[in-house]
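Asks: Those sequence lines, one after another, are chains A and B. Residues in the first sequence are numbered from 1 upward in steps of one, following this note's numbering. Residues in the second sequence are numbered from 227 upward in steps of one, following this note's numbering. Here a beta-carbon is modelled for each residue, glycine too, at the ideal position from N, C-alpha and C. Remember, predicted model here, so these are calculated numbers, not experimental data.
There are 2 protein chains.
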Amino acid sequence: MTYNEFKKIVKISKEEISGQILERNRDSIKVKKEEKVIENLIRIIDATLKICSKKSFQAMSIRDLSAESGLSGGALYSYFSSKEELLVLIQTQGREIANRVLVDQVVKSSDPVEKLRIAIKSHIYLSEAMRNWFYFTYIEARNLPKNEQKLAIESELQTEKLFIDIINGGIEEKVFRDENVVLVASVIKAMLQDWYLKSWKYRNRKVSVDDYADFVIHVAESILLI
Amino acid sequence: MTYNEFKKIVKISKEEISGQILERNRDSIKVKKEEKVIENLIRIIDATLKICSKKSFQAMSIRDLSAESGLSGGALYSYFSSKEELLVLIQTQGREIANRVLVDQVVKSSDPVEKLRIAIKSHIYLSEAMRNWFYFTYIEARNLPKNEQKLAIESELQTEKLFIDIINGGIEEKVFRDENVVLVASVIKAMLQDWYLKSWKYRNRKVSVDDYADFVIHVAESILLI
DNA sequence: TAAAAAAATACGAACGTTCATTTATTTCTT
DNA sequence: AAGAAATAAATGAACGTTCGTATTTTTTTA
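#1: Could you tell me which chain B residues have their CB closer than 8 Å to the CB of Ala59 (chain A), listed as they occur along the chain?
#2: Identify the continuous alpha helix (DSSP H) that holds Lys121 (chain A) and give its terminal residues.
#3: Chain A beta carbons: is any one of them nearer than 8 Å to that of Ser412 (chain B)?
#4: Kindly say whether Asp227 (chain A), judged by its beta-carbon, lies nearer than 8 Å to any beta-carbon of chain B.
#5: At a Cβ cut of 7 Å, what residues of the region 153-180 of chain A count as close to chain B, listed as they run along the chain?
#6: Go ahead and label Glu128 (chain A) buried or exposed: buried means 16 or more other beta carbons lie within 10 angstroms of its beta carbon, across all protein chains shown.
#7: Residues of chain A with CB under 8 Å from Leu409 (chain B), in chain order?
#8: Would you identify the three-state DSSP class for Phe306 (chain B), choosing helix, strand or coil?
#9: At the 8 Å Cβ level, is Val263 (chain B) part of the contact set with chain A, yes or no?
#10: Within the chosen definition, does the region 179-194 of chain A reach the region 409-420 of chain B through at least 3 CB pairs nearer than 8 Å?
#11: Could you please give me the residues that DSSP links to Phe232 (chain B) through a beta bridge?
#12: Check whether the Cβ of Ala416 (chain B) lies closer than 8 Å to any Cβ atom in chain A.
#13: The alpha helix (DSSP H) that contains Phe389 (chain B), what's its start and end?
#14: Does any residue of chain B have a CB that is nearer than 8 Å to the CB of Ile219 (chain A)?
#15: Taking any Cβ of chain B, which residues in the region 63-94 of chain A have a Cβ under 9 Å from it, in chain order?
#16: Kindly list the residues whose CB is nearer than 6 Å to the CB of Thr2 (chain A), restricted to its own chain and excluding five residues on each side of it in sequence; keep chain order.
#17: Do you know offhand how far Glu5 (chain A)'s Cα is from Asn147 (chain A)'s?
#18: In this structure, what does DSSP give as the bridge partners for Leu49 (chain A)?
#19: Mapping the DSSP letters down to three states, classify Leu225 (chain A) as helix, strand or coil.
#20: Name the DSSP bridge partner or partners of Phe176 (chain A)?
#21: What does the Cβ neighbour count give for Lys63 (chain A), buried or exposed, with the cut at 16 atoms within 10 Å?
#22: Am I right that Arg142 (chain A) and Ser199 (chain A) are in contact with their C-beta atoms under 8 Å? What's the rounded C-beta distance?
#23: What separation, rounded to the nearest whole angstrom, lies between the Cα atoms of Ala119 (chain A) and Trp133 (chain A)?
#24: Near Val106 (chain A), which residues of its chain fall below 8 Å by C-beta distance, leaving aside the five closest residues on each side in sequence?
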C-alpha cells in the first residue's frame, strides 16, 4: 500500500465528518437546516485548524475565527455554545475518526508482521491526510477541561494498546523477538507522532510520506524480527 | 554512566542559571542588587515552569504568577519588561544549557559507538533533570515571536546535526551500516523527546530513566550496528 | 552604635484594551 | 409575510501593564 492507494481506500469526506458532529451535538447547535449546519461546520473547522496551525487555540480570538470562516461572531455561537465546546468538539471528532480508520485497517490481516506494517502505514498515512487535525489534537489536548483530558489520554493509550497487542501476537507466534513490548510500542508511537509534529522538517528535507512510513517499518522490524 | 552518576558530574545550579540570565538581560532588569535578582529570578522561573506544566503560558496570568512566586505583579515587572520577554528569556536559557551540556559530554569520546551512547544518555538524563524546562521549551516554542521561533528551530536542527555527525562518523569507520542518516537521526530525536513529552506515561508504568535510555540505545544500535 | 536620611525594592489599586458572549436588529428564504 | 439565520453593536469580565505609595534595606550622620 502507498499513500495514494490509501487515500482512495479511506474516504474521509468533510461532509461526513460534519454530519457526525451534528449528530453528536444537536443540542448546542441552534441552526435547524442540516445543509446549512454541515456547510458552516466545515467552514468553522477548516478555519480553526488553519488558524491553529499558526497560533494556539487560546490565542485565536472569535474575531480571528469570524474573519477566517466568513461568519460573524454572533453566527458562530449558533454552531457551538462556547469556545471551549468548539475545542472539545474538534478533538472528540478527530480522535473518533483516527481510531475508527486505524482499527478498520488492522483487522484486514491476521499475520502479525503484516498487521504491524498495516498499523504503521495507516497511522502515518492518516496523519498525513489529516495533518491539521492530528496536530491540533496533540498540541491542544492539554487545554481541554479535566474530564476531556482524561478521554484524550485514554485514546492515546488505546492506540498504543493496538500496537502492544500486535507485537505480543508476533512474539507468541515466534516471528518477533521477546523484547520489552511496552517500550517497543512506545517508541513506535513516538516515531509515528514525529511525522505530524515535525512535518515542516520532513517537507523541507523532501522526505515523502512513503519514505518515512517505510523507514519506520524498517526500524520496527530491526528491533522485532528474528 | 547511570542517571545518578550523570547528576553528580553535571552540576546545573539554579543560582548559576539565574546568574547567566542576569548577564544576558541586564538592560531589562531594573533591580540592582545581584543577590536579589538571582533569588527572585529563581522564584519566578520555578513558578512559571510549575504553572506551565499544568496550563499554557498564555493561560497563565500575571496574577497567577504573582501568587505562585510570592512577588507582586508590579515587582515582577522589575525582572522582565513584558510577559513575552519572560517567555523568550526562559526559552533562550533552556536551549543554551541543553546545548552546552550535550556538546560537553559528547566530545569526551572519539569512538562513534561510544559517542552515540553518550549523546543519547546525556540527552535523556538532562531532559530528566530539567524536565519542566524541556517540556516548556518544546511546548511553548510556537508561541514565541517570529524571530525567536527561528532560533528555536535552528537549535533543534543543531541538536539533530550532532547526531547526524556521529552517525556519519560511524559509517565512515565502517562500524555503522550505511543507513539513511538523516532519518536515523530524526527517529532517535523523536524517541528522546518522547521521554519528557510523555513523562506521565513512563512514570505510571514504572519505566526508569535508565531503562528508557538503555532501550533507546538498543534501538539505535539495532538499526546501525553491523 | 543608634538614630536619621536616602535609596532600593515591593506593593496593589487603577487604566486601557481585548476578549468571549449576549442582545437587538436586519437580511435572507420559502 | 413569517420564520430562520446572520449581523453588528453592546456588555462585562479578565488581562497585561503602569504608577503612586509603602516598606525594607543600606548608607550616612552624630
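Replies: Per the coordinate set shown:
#1: Gln284 and Asn369
#2: Pro112 to Ala129
#3: yes
#4: Nothing can be reported for residue 227 (chain A), as the shown portion of chain A is limited to 1 through 226.
#5: Taking 7 Å as the Cβ-Cβ cut-off against chain B, the residues of the region 153-180 of chain A that qualify are Asn180.
#6: Under this definition Glu128 (chain A) is a buried residue.
#7: Val207, Asp211, Tyr212 and Phe215
#8: coil
#9: no
#10: yes
#11: Answer by DSSP bridge pairing: none, since Phe232 (chain B) is not bridged.
#12: yes
#13: Lys372 to Glu398
#14: Before going further, note that residue 219 (chain A) is Val rather than Ile in the sequence given. Interface residue, yes.
#15: none
#16: Asp210
#17: 38 Å
#18: BP columns for Leu49 (chain A) are empty, so no partner.
#19: DSSP places Leu225 (chain A) in strand when its eight states are reduced to three.
#20: A:Leu225
#21: According to the sequence as given, residue 63 (chain A) is Arg; it is not Lys. Arg63 (chain A) comes out exposed.
#22: Not confirmed; about 20 Å, so no contact.
#23: 19 Å
#24: Lys115, Ile118, Ala119, Ser122, Leu162 and Ile166
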